[in-house]
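In our numbering, the protein residues as written are 448 to 849.
C-beta atoms are modelled at their ideal positions from N, C-alpha and C, and glycine is treated no differently.
Data first, discussion second: the structure below is written as structure tokens.
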Ligand code: GCO
Ligand code: MG
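This is how it looks when you write it as structure tokens:
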């Protein structure tokens, strides 16, 4: 069996997506997601110019060897561009192997460990009232777990508060939008939001919150302590994690469960966090860390330390990543939760998929492979549009973490 052809498809059905399609001499094809928000064309070029030419003629069944060839063989290891590109190829190869075996990917991985994949949705509003109502709307839609983000009094634009209610899209302009950040205003505000939410809806539903890398460790410790009475499922990206040691300080001060890892690329980014039990959930998604082949290694290491998965699933991860993730989530023994932001109808039409939502759970469906394909004629209707993530500054103009 050999790989006959491979191509990169860039499409923008509301937002940009980069997809790899690998064709084999047996007529079976596979697809993988390589989308890196705001840097899409760099990954497309890395694939097009450097990886795909090396792929033609290889045996697609040799997934491990192909992974090692692109990781070890490149000499220049790691980084979001490289690892997203490798991930896309890896996802497509697992898709092909499962299709060749005539089984859903979760069966190839070891079979289902659960009946459904618990997901959390995003509720956001301009102020507390609107956010509280939005959480109610998500409860009405059947969600069992909901992330709550709100506009902050005195700050013009807060992370997580989008223009639309169903499809939060932070990459909002052809050049980066400048936003303002103030830690004091934020810390004074967030406990009030969760106080209102628990007061209104009780403790039956899981509530989550994303700090989006905005706090220093001691500030995160304080926030965790202040939120303890509200029993959050997790506090996400409390501080930037380049220095994994930083999480030790947070841990010393609070029992709030900590989630991190949506920007990680390999097991090396979370090795110390996991082995020292400094986190509770690892968020690195299939697309960011070299695909299923490498994510399995991260999840297995995490399992040794009772760290659970909680993969990133924002709208900038394509339905292909969502499909692959749901098969992984259905199998992985140390599953925790899966993020789920719905895609637009245009995106769903470009990427026909077998997964569906019911009663707070996503189900991968029983299609063979990972169950997601690309409709190339639909994709061709939406040419690439430059779009950047915003940047953040403090009120005195200092650049900060967005
Ligand atoms: C999340 C994320 C996203 C990111 C986005 C960047 O938890 O869903 O933080 O909202 O900001 O994926 O491209
Ligand atoms: Mg996040």
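Item                                                                                                                                                                                                      : Value
Checking the sheet assignment: what are the DSSP bridge partners for residue 834?                                                                                                                         : Paired residues: none, contrary to the question.
How would the residue list near the ligand MG read, in chain order, if you kept each one whose beta-carbon is closer than 6 Å to any heavy atom?                                                          : 657, 659, 683, 684, 709
Write down every uninterrupted run of the beta strand (DSSP E) in the stretch 724-793 whose length is 3 residues or greater and which is fully enclosed by it, in chain order.                            : 755-758, 782-786
Tell me, please, which residues DSSP counts as bridged to residue 819.                                                                                                                                    : 800
Label residue 794 either buried or exposed according to how many other C-beta atoms from any shown protein chain fall within 10 Å of its C-beta, with 16 as the threshold for buried.                     : buried
Using 8 Å as the cut-off, can you tell me whether the stretch 540-547 makes contact with the stretch 492-510, which would need three or more C-beta pairs spanning the two stretches below that distance? : yes
Which partner residues of residue 551 appear in the DSSP bridge assignment?                                                                                                                               : 816
Is it right to say residue 628 is buried, meaning 16 or more other beta carbons lie within 10 angstroms of its own, or is it exposed?                                                                     : buried
In angstroms, rounded to a whole number, what distance separates the CA positions of residue 534 and residue 515?                                                                                         : 12 Å
Going by Cα to Cα distance, which pick from 747, 763, 762, 571 is closest to residue 756?                                                                                                                 : 747
Between which residues of its own chain and residue 606 is the CB-CB distance below 6 Å, once the five residues before and five after are set aside?                                                      : 659
Beta carbon of residue 635: closer than 7 Å to some heavy atom of the ligand GCO?                                                                                                                         : no
Please report the straight-line C-alpha distance between residue 596 and residue 683, rounded to a whole angstrom.                                                                                        : 12 Å
Need the endpoints of the alpha helix (DSSP H) that residue 700 sits in, please.                                                                                                                          : 693-700
Let me know the secondary structure DSSP gives residue 581 once reduced to three states.                                                                                                                  : helix
Within 10 angstroms of its Cβ, does residue 650 collect 16 or more other Cβ (buried), or is it exposed?                                                                                                   : exposed
Which term fits residue 846, buried or exposed, when burial requires 16 or more other beta carbons within 10 angstroms of its beta carbon?                                                                : exposed
Any idea what DSSP makes of residue 536, helix, strand or coil?                                                                                                                                           : helix
Drop a sphere of 10 angstroms on the beta-carbon of residue 803, count the other beta-carbons inside from all chains shown, and report buried for 16 or more, exposed for fewer.                          : exposed
What's the C-alpha gap between residue 518 and residue 638?                                                                                                                                               : 44 Å
Please find out if some non-hydrogen atom of the ligand GCO comes closer than 7 Å to the beta-carbon of residue 836.                                                                                      : yes
Name the residue from 487, 726, 776, 770 whose alpha carbon lies nearest to the alpha carbon of residue 753.                                                                                              : 726
I want to know whether the stretch 784-793 touches the stretch 571-588 - three or more CB-CB distances under 8 Å.                                                                                         : no
Please go through the same chain and pick out, in chain order, the residues whose beta-carbon is closer than 7 Å to the beta-carbon of residue 622, but skip the five residues on each side of it.        : 835
Starting from residue 596, follow its DSSP beta bridges and name the residues at the other end.                                                                                                           : 571
When the cut-off is 8 Å and only beta carbons count, does residue 811 lie next to chain D?                                                                                                                : The question asks about chain D, but that chain is absent: this structure has only one protein chain.
In the DSSP assignment, find the unbroken beta strand (DSSP E) run with residue 808 in it and report its ends.                                                                                            : 808-810
Within its chain, find whatever has a CB closer than 7 Å to the CB of residue 848; leave out the 5 residues flanking it on each side and keep chain order.                                                : 660, 661, 687, 839
In this structure, how does DSSP classify residue 465 when only helix, strand and coil are distinguished?                                                                                                 : strand
Tell me, please, which residues DSSP counts as bridged to residue 840.                                                                                                                                    : 627, 846
So, does the stretch 555-572 touch the stretch 492-507, judging by three or more C-beta pairs under 8 Å?                                                                                                  : no
Can you give me the C-alpha to C-alpha distance between residue 678 and residue 652, rounded to a whole angstrom?                                                                                         : 10 Å
Determine the direct distance from the alpha carbon of residue 818 to that of residue 767, and round the result to whole angstroms.                                                                       : 8 Å
For residue 557, count neighbouring C-beta atoms within 10 Å of its own C-beta (all shown protein chains included) and say buried if the count is 16 or more, exposed if not.                             : exposed
Evaluate residue 571 with the Cβ neighbour count: other Cβ atoms within 10 Å of its Cβ, from every protein chain shown; 16 or more gives buried, anything less gives exposed.                             : buried
Whole angstroms is fine: what's the gap from residue 602's alpha carbon to residue 550's?                                                                                                                 : 51 Å
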